[in-house]
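These notes concern the structure reproduced below.
Below is the structure:
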C-alpha cells in the first residue's frame, strides 16, 4: 500500500518546531528534505494539480483556486493507477480537489465538508481508517492547517497546534495501515495570514518518503519539486510514466539506489 499525505499550508520550519512524533518517525526512518519547492502561484489548487499531474503551472493552466479546464490534457496519478488496475482512495475536506482525477479513477472518493475546524481533519482520518482495507493507493488531504494560518497567522500558536493535530491524524492512519510506503508533504507554506507569492515562506515545503521503498535516515540533497511527487509514486508502484509529465522520480530517496 502507498499513502500520500498532503497537509495544507504546513511550513517545514513549523513542522520542525512542532511536537510531531509520528511525522518525526517518518523522517527518522525515511528520506526527506525540508527544502522542496512548490509552484507559482503558491495556492492550493494549482499546487495540488502539479502534485497529482506531474507538471508545472504553465502546462496545466490552473492558476487560482477556481477550477478551469486544463490547458492541455494531462493524466493524474489516480488516472494512471486506475488504468493499471489499482484500487485508489481519496480522502479530503476541501471541495475543489475533486477535479484531481477522472470520476472512475477512484474507488472511494470521500469528501468531508469540514475544513474550518480541527474536527474536520479528524473526520477525514476516521473515514480513511474505515475504508483503507483493499486499497493499493490512497491520498489523504488535511486542510485545517491552512485554514488556521489564514485565521490566526502562520507560525501562530493556533497554527502550530493545527500541525500537531494533523500529526495525530497521521499517526491514527498509519496505525491502521499494513506496512505502507508513505510520502508526506505540503502544497505550499504561508506568511502573515496569506500565501501565493514567490517568497521562501510560501514556496518551500517539506517532502518525506518513508517505508519499504525509501532509504532510511537519509537527507535528500538533490532538488525536489512538487511535480516530482507524481512520477516518484508511479515509479514505486511500478506504473508507467505518462509522457506528459514533466517531473522526475527522486531516485536518491529510494532504497533501490
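Numbering (the numbering used here), first residue to last: 25 to 281.
The beta-carbon is built from N, C-alpha and C at its ideal position, and this holds for glycine as well.
Per DSSP, what are the beta-bridge partners of residue i in this structure?
| i | result |
| --- | --- |
| residue 57 | 231 |
| residue 30 | 165, 209 |
| residue 249 | 61 |
| residue 113 | 132, 162 |
| residue 243 | 56 |
| residue 215 | 218 |
| residue 278 | 238 |
Report all residues from its chain with a CB closer than 8 angstroms to the CB of residue i; omit the five preceding and five following residues, and keep chain order.
| i | result |
| --- | --- |
| residue 130 | 102, 106, 112, 113, 114 |
| residue 202 | 25 |
| residue 147 | 117, 136, 138 |
| residue 175 | 182, 217 |
| residue 159 | 25, 111, 112, 113, 131, 132 |
| residue 187 | 31, 34, 38, 39, 42, 44, 169 |
Which same chain residues, not among the five before or five after residue i, have their C-beta less than 6 angstroms away from its C-beta?
| i | result |
| --- | --- |
| residue 253 | 75 |
| residue 225 | 213, 215 |
| residue 31 | 166, 169, 190, 210 |
| residue 67 | 89, 220 |
| residue 77 | 84, 98, 100 |
| residue 12 | Look at the range of the chain in this structure, 25 to 281, and you will see that residue 12 is not part of it. |
| residue 163 | 28, 114 |
| residue 207 | 28, 233 |
| residue 195 | 46 |
Is residue i buried or exposed, if buried means 16 or more other CB atoms sit within 10 Å of its CB?
| i | result |
| --- | --- |
| residue 249 | buried |
| residue 43 | exposed |
| residue 205 | buried |
| residue 108 | exposed |
| residue 137 | exposed |
| residue 45 | exposed |
| residue 171 | buried |
| residue 60 | buried |
| residue 127 | exposed |
| residue 119 | exposed |
| residue 199 | exposed |
| residue 222 | exposed |
| residue 33 | buried |
State the start and end residues of the unbroken alpha helix (DSSP H) segment that holds residue i.
| i | result |
| --- | --- |
| residue 254 | 253-261 |
| residue 67 | Careful: residue 67 lies outside any alpha helix (DSSP H) and carries neither H nor E. |
| residue 38 | 36-41 |
| residue 47 | 45-52 |
| residue 94 | It is not in any alpha helix (DSSP H) - residue 94 carries neither H nor E in the DSSP assignment. |
| residue 123 | Premise fails: residue 123 is in no alpha helix (DSSP H) and is neither H nor E. |
| residue 103 | 101-107 |
| residue 84 | 81-84 |
Got a sec? Which residues, its chain only, sit under 7 angstroms from residue i by beta carbon, not counting five neighbours each side?
| i | result |
| --- | --- |
| residue 238 | 54, 55, 205, 277, 278, 279 |
| residue 52 | 241 |
| residue 269 | 78, 79, 254, 255 |
I'd like to know whether the C-beta of residue i is nearer than 8 angstroms to at least one C-beta of chain C.
| i | result |
| --- | --- |
| residue 73 | The structure shown has no chain C; it contains just one protein chain. |
Fully enclosed by the segment 126-188, which beta strand (DSSP E) runs are 3 residues long or longer? If only uninterrupted beta strand (DSSP E) runs of at least 3 residues are considered, those enclosed by the segment 126-188 are 132-135, 161-166.
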